[in-house]
Each structure stands twice: as structure tokens, then as C-alpha cells.
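See below for the structure under consideration.
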Amino acid sequence: MNFTFESNESKFLLRIADTSLILAQRLAEMCSKGPFLEEDIALSNTSLDLFGRAEELYKIICRIENDKFEPDELVYKRNERQFYNLKLVEQPNEDFAWVIVRQFLHDVYAKEVFTELLKSENSEVVGLSQKVLKEIKYSHLHAKDWIERLGLGTEESNSRTQSAVNHILKYIEEIFNFDDIDKTYLSNTAEIESKWNAEINAVFAAYNITRIEVPPLSMRDYRDGFHSEYMGPLLSVMQYLPRAYPDAKW
Amino acid sequence: MEKFEAAFNAIIEQDLKVEPRDWMPEKYRKQLIRQVSQHAHSEIIGMQPEGNWLLRAPSLRAKQVLLAKIQDEAGHGLYLYSVAETLGITRAEMIEQLHKQEAKYSSIFNYPTLTWADMGAVGWLVDGAAIVNQVSLQRTSYGPYARSMVRICMEESFHQRQGYEIMVQMSFGTPEQKEMAQDALNRFWEPALMMFGPHDAESAHSSQSMEWKIKRESNDHLRQRFIDRTVPQAEYLGLTIPDTKIKLNKETGHYDHGEFNWDEFWNVINGNGPCNQERLDHHKKAHYDNEWVREAASAYAAKTESSVA
Amino acid sequence: MESGDKVWEVFIQKKPGLAFKHVGNCHAYDKKMAIQNARELYTRRSEGRAIWVVPSDQIVSVPLDDADAFFDPADDKVYRHSTFYKIPSGVKHL
Ligand SMILES: [Fe+2]
Ligand SMILES: [Fe+2]
Ligand SMILES: [Fe+2]
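Protein chains in written order, with the working numbering: chain A, 98 to 347; chain E, 85 to 393; chain F, 36 to 129.
This is how it looks when you write it as C-alpha cells:
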């Protein structure tokens, strides 16, 4: 299939949709692997919010692109280099600390993005943002409370959280290398970055987590469909059925 | 004591509910703990066979439906652990019994799920059988158990439907899909029927359980109800029940059926099914890998929650 | 180890104006977690607009032995129920 997008708006929304989808898939991996039942259910809830968010965004994108394709085709038929999610959300569930740190770093960013999108000229995007911001507010609270528990809990939980942070931080830089498309739909990108930094720094400081210095990295941008090596296996699992049985309807 | 025992007997006789603080015979309590914890473990272990396809669900819709369904099962396990806790056993103790293989769970979950059609068959047959059983248990004599069944049955209402919906998609899809649907039915039919337990004559705990109204209907009775409901549903799909003896008996109004492979049933119950080891290992791994999280939460609470210590 | 794991009773108010209803319990290690776990467990199908959680061990109940002393004396106070009183037929709004 041909997956070229005519509109800059759909290119922009695709970044958020793909980010939601891949994070949802990662969280779904935690189902039946949570630290206790209540938290297992909580992680599934966040995953469901994100799948729903991705689906709504894909629907908007398909409409903008005159229904050239369907949401499921965007999910199941694109190849690795045609996905435009943050590398942050591809990172694996090494342990519960990774899950929480990844979620927290994502939610602080997503909160700022969807707050900006309340000003969108596209009424569907505004409506969706209003709904999504409530989900993010909750998930952000949930993740932040866990950062607090893990940061202040035991020596082991602090060091596991620190180690997750140290690994994951290198996928932050690209988030704020906003391009012209981003800047068309996000009116104040500098503020998004400064707010993100302010909250992360404050929370880390409060809960004994160090924000290590990350050197400038030679990493290619997610906006051009570049990924970490974790993306391929995730997609091959996710897309298996529609690719193995191209004629089947599900 | 006699006063309490008389009160207990009166509750059972009049079809009222026994509540946690009421006096109850020690055997009643033990029997309930055994049944409820087994039911709870079944819900939790039952997350795994469906979890096997969760990440491969073939549409955005299917992904969300399946995740919400598996999440419900986690909730059911949790409600049931709560019920057992009112009888004087902790969730930690029950999990330990599961890990030591002192507590059992339904043998159906020891079968592997091999194709996407199995997600249909599990929802349709396994949840279907569970619902027949759980509807009957809404009238169980232990109040918290009965109330949990009401809540669970309400939540279950979409589980069987989503399974049947997959079966419809597959049965009326491509020839390959239909083949997967028949294959799934072939593999899950008999194990699903055996979920109701051994024949009444061979069921060790059944008669006492019926007298105390913990169980309200016999294994064979419930199984027959399930068969009668399910055979026409299979016919609609154009699938063949893998039992040549299945036939509507005009006199009784029920479907006759062949005998099951009880040797396999007991062998799987006793730990020798295709996935027993894997199911247990998965649960243990999640539990022990995350011990540090629970320790952190405890330590954090100890430092900060002085008001409710 | 894991000593902080506690059981909390959960009460849900379906909508403003209705009484809080006991719906079950959940495990949690601290207050914030308890209220969140209650939300995940008991309001997934829009069952509530408000939640209370209370540590189970903080609930005080009447000892079983005293139940008859506590409750039976109310049984013969029929005059507390409106049906005890006879009102001539034809009299309205009473
Ligand atoms: Fe269930
Ligand atoms: Fe179910
Ligand atoms: Fe069940």
C-alpha cells in the first residue's frame, strides 16, 4: 500500500497517534505481569486509554486524507520506517521502574501537547483533546505517585528507578527538536520544552532521582521514521495476523 | 455454641445468607475457602491463555475488547480473593498455596491457545461454561460469594458475546479462517465440558456442598444446560461438534452426548497437562520479579503513612 | 517485608444525592494508592462519581455475641413505624 500523507496536519497527528499506539502495546505486554493485581488492572486501563486515543486520532487522519486508508491499515500494514512514534515509547518493560519512568516522561509531554491542541482549528482535535486530557491527568498522577514511592521507597527501588532514568533519558532530546510541521500545530514549542524540564527536574529532585547529563547524541529523528532496534520485534508481533492472512477480515 | 449452630442451620434451611461474622461449621469454612480460592486462581491463571494473543490481536477493536476482557478476569480474581479473605485467609497465603500447588485452578487453562480462533472458542465456550456455573452460584449460601457472583455475572455478559463474535467472523470468513474455527472447537469442546467437574457420582465434595447450599446445582445438571444452549450455536456457525453422539433426545428434550476422556481430565488436574508448568512459572515470575516493588511500596508507606499505621 | 499491604473497604457514590454504598475492598499500601486502586477496580463501567476508602481494620462492628442485645430490643417498638397508626379513610396528605 501507498502510505503517503498529503496534509501536514495528518503528518503531525500521526506522530501522536503512533506514539499512543506503541505505548499502548508496550503497556498491554504488562497484562498479567504487574506487581500485584490492582496495579495490573491499572496498567491495562492506561493501555486501553492509549489504544482508544490512537484509534480516534487515526480516524481523524483518515478523514483528512479523504479515506485513502483505514485506521487498521495504518496500524497493521505500515512498515517500521513508516511509523513516526517517539523512540521513548518503544523502550521495553525491563522492569516496573522502566514502565513507570517511561510513562511519566511521556505523560508530562503529552499533557503539554494536548493542552496546546485545545487551540486547534480542527474541532475534532479539540474535542478529542478535552477528553484525552482527563485521561492523561489521571495517568500522570498515577505515574508520578509511583515515582515518589520508588524514589523514596527502598535503596533497591531507588537504584532501579535511577537506572531506568539513565537509560531512557537519551530518547528525550529528539522530542524537543521541533520541526516546521510541529510548529504549525503547536503554537509555543519553547514553552512545552521548558515546562517539561521544570516538572521533571522538580519531581526527580523531590524523590532523590538524579537527572544525569546526556551528551549530544548522533541519533536520527523519529519524525523521519527512525527507530531503536526495539521497534521491529514489537511490530512483527503486533502485525502478524493481518500479514499472515492478507485476505482475511477480522 | 448450640445457639449459633442452630442459627446457622436455620439460615441454610430458609435459604438466607451466611455472613462473615456469623458462626459457621469449620468444614463449611474450609470447603468455601477451597472452592472460592480455586475459583479466584482460575480467573487469574485464565488471563494467560488469552494473554498469549493479546499482543497479536488483528484489529484495533479486537485489541481493546480482548484487553478489557482479560482485565475483567483480573478483577474477578480479585473480588474472589476478597471473598476468601472474609473467611480468614489472606491473599498472600492463597498465592503461596497456588505456587506450592496446594491449591488448584480450572484445568481448562492448562491448554494452549494456538490460533486467533482460540480467542473465539475461549470466550464462547470457556466463559460460556463459567457463566452457567456462576449464574447458579449467585444463589450460594455464603453472602459475600453470592454478591461477588452477581457482580461478576454482570461483567461477564460481554465476554461470551465477544467470543462468539470472533467465532462468527472466523466461521464465515476465508476457508482458512473457518478451518481455524473448527480446529478451535475441536480442541476446546471437551475440556470446556469438563470444567463442570466430574460426574455427580464421582464428585468428592459435591453432596456436602449441596447440603450446605454452597453449590446449588449438580455438575451434570449444569453441564447439560450448557450443552443444550451451545449445540444450536455451533449449528448456526456451520461447525461440527466433535462428538458423534451429540443428538437431540426428543423424549428428554436434552442433547445426548458421548463420554469424556476422564483420564485426561485427572491427568491435567494433577499437573500433567500441556501448560501446567508454564502457567505456574509465569505467575511465579511476575510475583517474584516484582517483590522489590511491593517492598518499596511498604517502605514508602511506613515512612509516610503514620496516620493509618 | 510486604507488611504495608493492607485491605481497604471501598464505598462508591453513584451520583450526587445518593448514599455511598459499600462495593467491596481492595489491597493497597497507602492512601493515595487505595483510592486509585478502588477507582481502577470499581468504576471501570462508570459506576461512580465519588469514592471513599477506609482501612478495613479501622471498621468497628457489633460483636456477634451481642447482636441480640443490640438489635432485638427494637423489634417490639412498632409505634416507630407509620403503619402503626390508623387514619380515618378520606383524610389525605398524612
Ligand atoms: Fe471471569
Ligand atoms: Fe470471563
Ligand atoms: Fe469465572
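Cβ atoms here follow ideal geometry from the backbone N, Cα and C, with glycine treated the same way.
All of these numbers come straight from a predicted model, not from anything done at the bench.
Applying the criterion that 16 or more other CB atoms from any shown protein chain within 10 Å of the CB defines a buried residue, is residue i buried or exposed?
{"i": "A:Arg334", "result": "Checking the sequence shown, residue 334 of chain A turns out to be Val, not Arg. Counting Cβ neighbours within 10 Å, A:Val334 comes out exposed, since fewer than 16 surround it."}
{"i": "E:Ala393", "result": "Unreliable positioning characterises E:Ala393 in this predicted model, as indicated by a pLDDT of 42, which lies under 50. A coordinate reading is not provided."}
{"i": "E:Ser391", "result": "A caution first: E:Ser391 carries a pLDDT of 47, below 50, which makes its placement in the model too unreliable to give a value."}
{"i": "E:Ile179", "result": "buried"}
{"i": "E:Leu277", "result": "buried"}
{"i": "F:Ala54", "result": "exposed"}
{"i": "E:Gln246", "result": "buried"}
{"i": "E:Asn217", "result": "buried"}
{"i": "A:Asn182", "result": "buried"}
{"i": "A:Ser315", "result": "exposed"}
{"i": "F:Phe119", "result": "exposed"}
{"i": "A:Ile309", "result": "exposed"}
{"i": "E:Arg378", "result": "buried"}
{"i": "F:Met36", "result": "Unreliable placement is indicated for F:Met36, whose pLDDT of 42 sits below 50; the coordinate value is still reported in the next sentence. Flag for F:Met36 reads exposed."}
{"i": "A:Pro168", "result": "buried"}
{"i": "E:Pro142", "result": "buried"}
{"i": "A:Lys346", "result": "exposed"}
{"i": "A:Glu187", "result": "buried"}
{"i": "A:Asp344", "result": "exposed"}
{"i": "E:Val120", "result": "buried"}
{"i": "E:His160", "result": "buried"}
{"i": "E:Val234", "result": "exposed"}
So residue i packs on residue j, CB below 8 Å; how close in whole Å?
{"i": "F:Ile47", "j": "F:Val58", "result": "5 Å"}
{"i": "E:Thr324", "j": "E:Gln266", "result": "7 Å"}
{"i": "E:Ala213", "j": "E:Phe310", "result": "5 Å"}
{"i": "A:Arg175", "j": "A:Phe100", "result": "6 Å"}
{"i": "E:Asp284", "j": "E:Ser293", "result": "Not quite, the Cβ-Cβ distance comes to about 11 Å (not below 8 Å), so this is no contact."}
{"i": "E:Gly204", "j": "E:Ala268", "result": "6 Å"}
{"i": "A:Ala151", "j": "A:Leu111", "result": "Not really, about 10 Å apart at Cβ, beyond 8 Å."}
Do residue i and residue j have their CB atoms nearer than 9 Å?
{"i": "E:Tyr189", "j": "E:Gly357", "result": "no"}
{"i": "A:Glu213", "j": "A:Asn274", "result": "no"}
{"i": "E:Ala383", "j": "F:Gly39", "result": "yes"}
{"i": "A:Ser226", "j": "A:Ile158", "result": "no"}
{"i": "A:Asp204", "j": "A:Ser236", "result": "yes"}
{"i": "A:Met328", "j": "A:Lys231", "result": "no"}
{"i": "A:Leu145", "j": "A:Ala121", "result": "yes"}
{"i": "E:Val102", "j": "E:Phe88", "result": "no"}
{"i": "A:Phe201", "j": "A:Val300", "result": "yes"}
{"i": "E:Ala158", "j": "E:Ile192", "result": "no"}
{"i": "A:Phe211", "j": "A:Val196", "result": "no"}
{"i": "A:Gly149", "j": "E:Gln148", "result": "yes"}
{"i": "A:Pro132", "j": "E:Ala381", "result": "yes"}
{"i": "E:Met251", "j": "E:Leu321", "result": "yes"}
{"i": "A:Leu332", "j": "A:Phe109", "result": "no"}
{"i": "E:Ala187", "j": "E:Gln253", "result": "no"}
What span of residues does the alpha helix (DSSP H) with residue i cover, start to end?
{"i": "F:Val126", "result": "Taken as a continuous stretch (DSSP letters only), F:Val126 belongs to no alpha helix (DSSP H), as it is neither H nor E."}
{"i": "E:Thr258", "result": "It is not in any alpha helix (DSSP H) - E:Thr258 carries neither H nor E in the DSSP assignment."}
{"i": "E:Met294", "result": "290-295"}
{"i": "A:Ile197", "result": "193-214"}
{"i": "A:Ala345", "result": "Element bounds for A:Ala345: n/a, residue is neither H nor E."}
{"i": "A:Cys159", "result": "134-161"}
{"i": "E:Thr314", "result": "303-321"}
{"i": "A:Ala125", "result": "105-125"}
{"i": "E:Glu89", "result": "86-97"}
{"i": "E:Ala285", "result": "Careful: E:Ala285 lies outside any alpha helix (DSSP H) and carries neither H nor E."}
{"i": "A:Thr281", "result": "277-282"}
{"i": "A:Leu331", "result": "328-335"}
{"i": "E:Met131", "result": "131-138"}
In this structure, what does DSSP give as the bridge partners for residue i?
{"i": "F:Ile47", "result": "F:Lys56, F:Ile86"}
{"i": "F:Lys41", "result": "F:Ala63"}
{"i": "E:Asp340", "result": "E:Lys331"}
{"i": "E:Tyr226", "result": "E:Val102"}
At a cut-off of 8 Å, is residue i close to ligand 4 when judged by its beta-carbon and the heavy atoms of the ligand?
{"i": "F:Asp40", "result": "This structure lacks ligand 4; the ligands present are ligand 1, ligand 2 and ligand 3."}
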